[in-house]
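Participant: Sending over a structure as structure tokens; questions will come in a sec.
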Amino acid sequence: MTTITDVAAYILQNNGTMSTMKLEKLCFYSQAQSLSKRGIPLFDEDFQAWRNGPVSPVLFNLHRHLFLIHAGELDQSLPNGAPRLTDEEKTLIDVVCGQLAAKTGNQLSERTHNEAPWQDARIGLSPAEPCNRTISKDSIARFYKANPVVR
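Residue numbers for the sequence shown follow the numbering used here, so the first one is 7 and each next one is one higher.
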């Protein structure tokens, strides 16, 4: 099965160096696109509602202490050194990145802060408080089915 590392490595291969915040958000929106359009997750890993928007702890552990990440830096974390994605998955990711990759990590983070999945997972917390609550795949699917990731 496809992993978040496969998706992140593919995004980097096709979009080049970017901030780790931006990479996290592009992975989040790729997952949201899959859940809302195909009805199935792109990968199993979850996102948590961190202060700066959705973050996958699995992906974060691979880029911890980095601000920028470059194509190829995640490849050693993949079983065969290359992302395992179907053509359908690649197309889905390409559509998301085609619409959102021109935005900065901060712009994408701000967008997530205005959307229900992140907000709902942080109910009762101030914007500055840390949070490790999981953003459910069901809430992602419901919200982005009604509010498409890409238009």
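Just so you know, even glycine gets a beta-carbon here, dropped at the ideal spot from N, CA and C.
Return the residue from the list Thr11, Asn120, Ala134, Lys109 that minimises the CA-CA distance to alanine 77.
Facilitator: Residue Thr11 is the option with its Cα nearest to alanine 77.
Participant: Locate the beta strand (DSSP E) running through valine 61, then write down its first and last residues.
Facilitator: Here the beta strand (DSSP E) through valine 61 covers 59-61.
Participant: With burial defined as no fewer than 16 other Cβ atoms inside 10 Å of the residue's Cβ, what is the status of serine 36: buried or exposed?
Facilitator: Flag for serine 36 reads buried.
Participant: Taking the runs of the beta strand (DSSP E) that are 3 residues or longer, which of them lie wholly in the region 80-130?
Facilitator: Segments of the beta strand (DSSP E) lying fully in the region 80-130: there are none.
Participant: Determine the closest residue to aspartate 56 out of Lys43, His119, Ala147, Lys143, with distance taken between C-alpha atoms.
Facilitator: Per the sequence presented here, residue 56 reads as tryptophan, with aspartate not at that position. Ranking Lys43, His119, Ala147, Lys143 by Cα distance to tryptophan 56 puts His119 first.
Participant: Are the beta-carbon atoms of leucine 48 and leucine 98 separated by less than 8 angstroms?
Facilitator: It is a contact, given that the beta carbons lie within the stated cut-off.
Participant: Who are the near neighbours of asparagine 112 in its chain, counting only those whose CB is closer than 8 angstroms to its CB and skipping five residues on each side?
Facilitator: Closer than 8 angstroms at Cβ, skipping near neighbours: Met27.
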